[in-house]
Amino acid sequence: MDAKRSSIGAELLAWYDAHGRVLPWRARPGETADPYRVWLSEVMLQQTTVAAVRPRFENWVARWPDVASLAAADEGEVMAAWAGLGYYARARNLVKAARAVVDDHRGAFPTTEAELRALPGLGAYTAAAVAAIAFGERAVVVDANVERVVARLFAIDAPLPGARGAIRAAADSITPTLRAGDFAQAMMDLGATICSPKRPRCLLCPLREECRGFAEGEPERLPVKAKKKARPARFGTVFWLEGDGPGMTGSVWLVRRPPKGLLGGMRALPTGSWSEEPPLLADAPAATDWRVLPVTVAHGFTHFDLTLSLAIGRGTPQGEGEWWPVADVESAGLPTLFAKAVRAILESDR
DNA sequence: CAAACGTGGAA
DNA sequence: TTTCCAAGTTT
1 MDAKRSSIGA ELLAWYDAHG RVLPWRARPG ETADPYRVWL SEVMLQQTTV
51 AAVRPRFENW VARWPDVASL AAADEGEVMA AWAGLGYYAR ARNLVKAARA
101 VVDDHRGAFP TTEAELRALP GLGAYTAAAV AAIAFGERAV VVDANVERVV
151 ARLFAIDAPL PGARGAIRAA ADSITPTLRA GDFAQAMMDL GATICSPKRP
201 RCLLCPLREE CRGFAEGEPE RLPVKAKKKA RPARFGTVFW LEGDGPGMTG
251 SVWLVRRPPK GLLGGMRALP TGSWSEEPPL LADAPAATDW RVLPVTVAHG
301 FTHFDLTLSL AIGRGTPQGE GEWWPVADVE SAGLPTLFAK AVRAILESDR
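Taking the UniProt record's numbering, the leading residue of the first sequence gets 1, the next gets one more, and so forth.
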């Protein structure tokens, strides 16, 4: 290992000590990291911004302060608490993993990357991050920030995802034996605040002197990525069914979505399946006189754009579900798609 | 390996 | 307005 390469870790750690972000899940200098908080934050942060996670993390740990309390939680309540954060498999796996820690590991998180990797929802990145940050293991932590920083440092211009192997090897070569967790967090802070995707602030970068991407003049073009495909358009109908019997007036019919797939396990308004043309009143949850509102709700998912029609009715539902007070619908824990539909319906004259 | 899987904010 | 993208994992 040459002298320049081995100095990267030390320079980055010095920068981190001076400029690292203060975040609720991060141990302060001298504090011992709490594996539960590290794990929870890492899962929440998967494909999710720090700004979105911060308040949700605070609320979560106030309600479920440790792995035992989460393992004992009602899964429906956990799903509702995750509502709005997206990628709901994360919440389902959070409960599974918490129960595995309690049932299979005597309530204490496993301490090695390999054991952590076996828990549900911990992939290559998260297992390495928890091992390094919570337990000090020298794990090679590679997320999108690290990919970007490393691709620029070493001027790796092979396109992702093919370049993953080369990037990981380069990250391995600069990961220190000591303070591997701080090093990983430093790389991510650097990627988030200095080595940003569009307009990197190279003049503030502690690694500028070592950066081949900077030396070559166009660090912002790295890493090279394949273009994303266009998202297809899909259509659907959501049904707002209010009760007309005694005790059901002022209540709306909610269902639980199937445990897997899109918005899996989440409470929801009834819908039919999505299709390439508006499905109108197919799969309505009651035989009644539906009124379709003259507005639609648009919602973009990762892999398709959805346009929802809104059908309003009153009557007796078919199938499984529950009546929920309209006045408390915000506490039902609906995913954003349905929260948008509810807002549009309540803003209409219904 | 490609595709499924959410959402909100920045540019 | 549209596109990009954020501390990825699972199948």
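Glycine included, C-beta positions come from ideal geometry on N, C-alpha and C. These numbers were taken from a predicted model, which means no experiment stands behind them.
On the CB-based measure, 16 or more other CB atoms within 10 Å of its CB, does residue i come out buried or exposed?
| i | result |
| --- | --- |
| Leu203 | exposed |
| Met1 | Per-residue confidence for Met1 stands at a pLDDT of 45, beneath the threshold of 50, marking its modelled position as unreliable; no derived number is given. |
| Asn145 | buried |
| Val224 | exposed |
| Asp143 | buried |
| Arg234 | buried |
| Gln47 | exposed |
| Val61 | buried |
| Ala108 | exposed |
| Asp17 | exposed |
| Leu65 | Here residue 65 is Pro; the residue named in the question, Leu, does not match the sequence. Label assigned to Pro65: exposed. |
| Gly191 | buried |
| Val342 | buried |
| Pro270 | buried |
| Ala91 | buried |
| Leu13 | buried |
| Ala180 | buried |
Give the C-beta separation of residue i and residue j to the nearest angstrom, bearing in mind that I take them to be a contact with Cβ-Cβ under 8 Å.
| i | j | result |
| --- | --- | --- |
| Gly9 | Asp189 | No, Gly9 and Asp189 are not in contact; Cβ-Cβ is about 14 Å, not under 8 Å. |
| Ala131 | Glu113 | 4 Å |
| Gly236 | Gly272 | 6 Å |
| Met79 | Tyr88 | 7 Å |
| Thr175 | Val43 | No, Thr175 and Val43 are not in contact; Cβ-Cβ is about 22 Å, not under 8 Å. |
| Trp25 | Phe57 | 6 Å |
| Ala311 | Phe239 | 5 Å |
Can you grab the Cα-Cα spacing for the pair residue i / residue j, in whole Å?
| i | j | result |
| --- | --- | --- |
| Arg117 | Pro110 | 10 Å |
| Ala298 | Gly121 | 30 Å |
| Arg208 | Arg168 | 20 Å |
| Met187 | Arg138 | 14 Å |
| Thr307 | Arg350 | 20 Å |
| Ala284 | Arg257 | 15 Å |
| Asp328 | Ile133 | 40 Å |
| Pro29 | Ala151 | 30 Å |
| Ser69 | Val101 | 12 Å |
| Ala230 | Glu276 | 15 Å |
| Met248 | Glu242 | 7 Å |
| Glu216 | Ala170 | 18 Å |
| His105 | Gly162 | 36 Å |
| Gly245 | Gln318 | 14 Å |
| Leu45 | Thr193 | 16 Å |
| Gly123 | Gly313 | 44 Å |
Apart from the five residues on each side of it in sequence, which residues of its chain come closer than 6 Å, Cβ to Cβ, to residue i?
| i | result |
| --- | --- |
| Trp15 | Pro206 |
| Gly84 | Thr336 |
| Glu115 | none |
| Ser348 | Leu293 |
| Trp274 | Arg234 and Gly236 |
| Pro279 | Thr237 and Gly272 |
| Val255 | Ala268, Pro270 and Gly321 |
| Leu346 | none |
Going by beta carbon distance, what residues of the same chain come within less than 7 Å of residue i, once the five residues before and after it are set aside?
| i | result |
| --- | --- |
| Thr296 | Thr307, Leu308 and Ser309 |
| Asp157 | Leu222 and Val224 |
| Cys195 | Arg148, Val149, Arg152 and Cys205 |
| Thr49 | none |
| Glu220 | Lys198, Arg199 and Pro200 |
| Asn93 | Pro120 and Gly121 |
| Lys96 | Pro120 |
Within the same chain, show all residues whose beta-carbon is closer than 8 Å to that of residue i, passing over the 5 residues directly before and after it, in chain order.
| i | result |
| --- | --- |
| Gly250 | Glu242, Gly243, Pro325, Val326 and Ala327 |
### Query
Taking three-plus beta-carbon pairs below 8 Å as touching, is the segment 262 to 270 in contact with the segment 324 to 344?
yes
### Task
Would you check if there are 3 or more beta carbon pairs closer than 8 Å linking the segment 321 to 328 to the segment 287 to 294?
no
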